[in-house]
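With the first letter of the sequence shown counted as 1, position 19 gets the number 19 in the numbering used here; the numbers rise by one all the way through.
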Amino acid sequence: MASPTDRRYTKTHEWVALDGDVATIGITDFAQSELGDITYLELPEVGDAIALNQAFGIVESVKAANDIFSPVDGEVIERNDDAIDAPEAINASPFDQAWLVRVRVGDPAQLDALMDAEAYDAFATSAAH
């Protein structure tokens, strides 16, 4: 699956889509396929601060537990409680219904350091081998 071109990507397999000063963050299709069947999701509360390159949540699968890292500094303004209640949605729809958090971004220029879809797909392909 080619990654959507309307967002940026991290080397730790998170995606971020910016709309004004609000960033929606999730994990990539590559990440969910590597994890396998996702069974548990832990996310921060609304009002919590998250920081660039720092873990803000945990995703667990039948294979492993992994930290979820923030691609930006910001304050959580919404979290996807539906994904917490049904974490398997991440396997089915990592780029759409299973976004994780929405964050008011402190510095939108932080996204400039992230990969576009083409660069991320090449990175993920090389990581898979």
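Glycine included, each C-beta is placed from N, C-alpha and C at the ideal position. As the structure is a prediction and not an experimental result, all values here were calculated from the model.
- CA-to-CA, the gap between A51 and S33 works out to about 26 Å.
- Judged by their CB atoms, T12 and P87 are not nearer to each other than the 8 Å cut-off.
- The segment 64-76 makes contact with the segment 100-116, as at least three CB pairs between them are under 8 Å.
- The closest CA to that of P44, considering only I68, D6 and S93, is found on I68.
- L100 and T10 have their C-alpha atoms roughly 15 Å apart.
- Distance between P94 and G47, taken at the CA atoms: about 24 Å.
- Within the same chain, A2 and S3 come within 8 Å of D121 by CB-CB distance, once the 5 residues on both sides are set aside.
- The beta carbon of T5 is closer than 6 Å to those of A117 in its chain, skipping five residues each way along the sequence.
- For G36, the number of other beta carbons within 10 angstroms of its own is below 16, and it is reported as exposed.
- Within its own chain, the residues whose Cβ lies closer than 6 Å to the Cβ of W15, once the five positions on either side in sequence are excluded, are R7, Y9, G26 and T28, listed in chain order.
- Straight-line measurement puts the Cα of G20 at about 33 Å from the Cα of S61.
- A direct Cα-to-Cα measurement between E42 and I84 gives close to 7 Å.
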